[in-house]
Every structure is written in C-alpha cells, then in structure tokens.
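Input: a single structure, listed below in structure tokens.
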Amino acid sequence: MTPAIRIGWQRGLIELRQSFTNGAELFSHFLWPVLMLVALFFLRDRDFGSTGILLGALALPSILGMNAAMGMVSMSQHLTADREDGTLLRAKAVPNGMLAYVVGKVVSVAGGLLADLAILLIPGLLLVDGLAVGSANWFTLIWVLVLGLVATLPIGAILGSVFTSARSQGLIQLPVLGLIAISGIFYPITALPGWIAWIGQVTPIYWMGLGMRSALLPDSTVVVEVGDSWRHLETAAVLGVWAIAGVLLAPVVLRRMARRESGSKVAERRERALQRAA
C-alpha cells in the first residue's frame with residue numbers, strides 16, 4: 001500500500017506541474033479567479049443593507065469557500081474523462097493501481113485548487129476593503145479548507161463514478177451552480193427566504209463559505225450571519241459528516257465502478273465520442 005501511495009503522490013505532482021505548463025489549462029486556472037476579481041471590483045463599495053458592511057468584504061471569503069467546494073466538480077470531470085479514455089482501466093490492471101490513481105487525483109486536484117485560491121486571495125486582499133487582514137485567523141482558514149476538501153473531493157469521485165461520459169457533466173454542474181446561488185456566496189443567506197436558507201445550510205458549500213468569512217472578516221460582521229454567530233462547532237460537525245460519508249462511500253463506489261470497466265466498454269464509449277465529433 002505504501003508504494004502505491006508514493007506512486008500516486010508522484011503522479012499527482014506530475015499532473016499538477018503539467019497543468020501549469022499547458023497553455024489551455026493555465027488559462028483555465030486564471031480565468032475563474034479573474035472573473036471573480038472583476039465581480040469583487042464592482043461589489044467593493046456597495047453596502048449590505050444599512051449595516052455598513054461592504055458586500056465585497058462579505059463576498060471574497062465566501063468565493064474562496066465556493067471555489068474550494070467546486071473541487072468536487074473538478075474531481076468528477078477528471079474521473080469521468082479518465083474513465084472514458086481507458087486510463088481507469090489501465091490503473092485497474094496494475095496491483096494497487098486504483099489506490100495510486102485516487103491518491104494522484106486528490107493531489108493534483110487539491111493542488112490546483114490551492115493555487116487557484118492563492119490567485120484569487122492575494123490580489124483580493126489588496127482590492128477589497130473591510131477585511132481583517134492584520135488579525136485574520138489563518139488557523140481557522142486552514143482547518144476549514146482542509147476539512148472542506150476532505151468533505152467535497154470524495155463526493156466528486158462518487159459523481160464521476162456515476163456519470164460515464166464527459167457530456168453528462170452538465171448534469172452535475174447545473175445543480176451545483178444552483179446550490180451556490182442559495183448558499184450565501186454573493187449575498188448573506190439571512191437575506192434569503194427561510195426554506196431556501198435551510199436547503200443552503202445542508203450543503204458543504206455554505207459552511208465552507210461561513211468558515212472562510214469567520215477567518216477573514218472582523219468580528220463585527222457576524223451580525224449578518226444566522227444567530228449572530230460564526231458557528232464553528234456546527235461548521236466542523238456538518239463538514240465532518242460530509243467527510244465521513246464521502247470517505248466511507250467513495251471507495252465502495254469506485255471499486256464497483258472499476259469492476260464493471262472492460263476494454264469493450266472503453267471502445268464503445270470511444271466510438272460514441274468519435275460519432276459525436278463527426
């Protein structure tokens with residue numbers, strides 16, 4: 001098992017390095033953070049109601065949490081693409097190959113996410129006023145980020161196991177974007193109707209955004225949150241439940257998916273892809 005983990009780690013680092021030396025992937029790393037910075041630029045001087053709190057300050061840490069949660073979409077896309085082109089089948093044929101594959105994907109996806117967050121956070125700290133830059137709780141930011149990734153990446157692996165083609169990824173992205181819209185990312189969840197706010201609080205996206213806000217915003221801004229509290233215990237509990245469920249379910253789903261993979265199925269999917277391209 002240890003050699004497989006080491007091989008997976010090395011593979012993940014290679015994939016991560018390749019993603020920053022490939023023009024198209026490098027562009028994608030910068031595109032989303034730049035679009036978010038543009039949105040923050042227009043929000044930076046707008047107040048939330050009569051609180052005097054700037055929307056830009058509320059939105060920046062929320063967007064960081066959202067981007068981290070979007071790792072489940074990236075994981076799903078990678079796994080589906082590798083399933084379609086036969087990479088997973090080749091990994092299955094090697095002893096402990098699936099373990100090495102999963103470790104490699106976690107390293108590459110998580111590493112890419114951390115880089116994307118840095119691309120957004122560093123200029124965002126200079127662009128947006130109202131953040132507690134000097135007194136930020138970086139420890140809180142780190143544990144929320146780590147726990148959030150553990151909670152969301154296995155979900156992405158499960159979704160990637162369920163959907164068999166890259167075209168089906170739209171079925172994942174649309175619901176995720178809908179959850180983002182009701183998760184208090186661009187506007188505090190307390191301003192949403194009660195039943196929508198409850199749905200938003202079931203998802204890890206809301207709690208990652210809340211945890212990021214608690215780390216980067218002054219304590220005075222807590223008045224716009226549910227119960228006037230950062231709810232750290234609830235954040236750890238909800239993300240922990242999602243993490244445990246994902247860690248327990250993902251290996252089972254991946255093993256079942258790998259057992260169903262065969263050369264004929266890969267060839268069939270490739271033939272369908274060629275027909276669509278034609």
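Every letter in the sequence shown is one number past the one before it in UniProt numbering, and letter 132, counting from 1, is 132.
Ideal Cβ positions, reconstructed from N, Cα and C, are used throughout, including at glycine.
Bear in mind the structure is a predicted one, so any value in this text is a computation, not a measurement.
Quick check: M208 and P61, are their CB atoms within less than 7 Å of each other? Here the question's residue 208 lines up with position 208 in the sequence shown. Here the question's residue 61 lines up with position 61 in the sequence shown. Against a cut-off of 7 Å, the Cβ pair of P61 and M208 comes out as no contact.
Using 8 Å as the Cβ pair cut-off and three pairs as the minimum, do the segment 107 to 127 and the segment 86 to 93 touch? no
Between the beta-carbon of T221 and the beta-carbon of I53, is there less than 7 Å? Taking the sequence shown and counting its residues from 1, one reaches residue 221 at position 221. Taking the sequence shown and counting its residues from 1, one reaches residue 53 at position 53. Yes, the Cβ-Cβ distance between T221 and I53 is below 7 Å.
Check the C-beta distance from L64 over to L120 and give it rounded, since I have them as a contact under 8 Å. Reading the sequence shown from its first residue, position 64 is the one you call residue 64. Reading the sequence shown from its first residue, position 120 is the one you call residue 120. Contact holds; Cβ gap of about 7 Å.
Please determine, among G160, L249, P218, the residue with the shortest C-alpha to C-alpha distance to M75. The residue labelled residue 75 in the question sits at position 75 within the sequence shown. Cα-wise, what sits closest to M75 is G160.
For the alpha helix (DSSP H) that contains S229, what are its first and last residues? By one-based count along the sequence shown, residue 229 stands at place 229. Taken as a continuous stretch (DSSP letters only), S229 belongs to no alpha helix (DSSP H), as it is neither H nor E.
Counting along the chain, where does the alpha helix (DSSP H) carrying P3 start and finish? As a working mapping, residue 3 is identified with position 3 in the sequence shown. Its alpha helix (DSSP H) spans residues 2 to 19.
What does the Cβ neighbour count give for W198, buried or exposed, with the cut at 16 atoms within 10 Å? Walking along the sequence shown from the start, residue 198 turns up at place 198. When all chains shown are included, W198 counts as exposed.
Take every Cβ of the segment 26 to 39, pair it with every Cβ of the segment 4 to 15, and state whether three or more of those distances are shorter than 8 Å. no
Please state the DSSP three-state secondary structure of L64. On the sequence shown, position 64 is the one that residue 64 refers to. Helix, per DSSP.
How is D45 classed by DSSP in three states: helix, strand or coil? In the sequence shown, counting from the first residue as 1, residue 45 sits at position 45. Reduced to three states, the DSSP call for D45 is coil.
Where do the ends of the alpha helix (DSSP H) carrying L210 lie? The residue labelled residue 210 in the question sits at position 210 within the sequence shown. First-last of the alpha helix (DSSP H) with L210: 204 to 216.
Does DSSP put residue 279 in a helix, in a strand, or in coil? Nothing about residue 279 can be reported from this structure: the residues present for the chain run from 1 to 278 only.
In three-state DSSP terms, what is L54? One-based indexing of the sequence shown puts residue 54 at position 54. If DSSP states are grouped into helix, strand and coil, L54 belongs with the strands.
What's the call for S135, buried or exposed, on a 16-neighbour Cβ count within 10 Å? To locate residue 135, count along the sequence shown from 1; it is residue 135. Exposed: under 16 other Cβ atoms inside 10 Å.
Report the rounded CA-to-CA distance for M36 versus F48, giving the unit in angstroms. For the purposes of this step, residue 36 is identified with residue 36 of the sequence shown, where counting begins at 1. For the purposes of this step, residue 48 is identified with residue 48 of the sequence shown, where counting begins at 1. Spanning the two alpha carbons is a distance of roughly 18 Å.
Whose C-alpha, out of P204, G71, L248, is nearest the C-alpha of V235? Position 235 of the sequence shown, counted from the start, is the residue given in the question as residue 235. Checking the sequence shown, residue 235 turns out to be Thr, not Val. The shortest C-alpha separation from T235 is found at P204.
Exposed or buried, what is W242 when buried is set at 16 or more other beta-carbons lying within 10 Å of its beta-carbon? Along the sequence shown, read from residue 1 onward, the residue named residue 242 stands at position 242. That one is buried.
Considering only residues of the same chain and omitting the five flanking positions on each side of P123, which have a CB-CB separation below 7 Å? Counting from one through the sequence shown, the residue named residue 123 turns up at place 123. If we look at P123 and ignore the five residues flanking it on each side, its Cβ neighbours are L37.
If contacts are defined as beta-carbon pairs under 8 Å, then A69 and G178 qualify, I think. What distance do you get, rounded to the angstrom? Position 69 of the sequence shown, counted from the first residue, corresponds to residue 69. Position 178 of the sequence shown, counted from the first residue, corresponds to residue 178. A69 to G178, Cβ: 13 Å. No contact.
Roughly how far, in whole angstroms, is the beta-carbon of V107 from the beta-carbon of L16, given that I think they are within contact range, below 8 Å? Residue numbering aside, residue 107 sits at position 107 when the sequence shown is read from its first letter. Residue numbering aside, residue 16 sits at position 16 when the sequence shown is read from its first letter. So it is a contact: roughly 7 Å between Cβ atoms.
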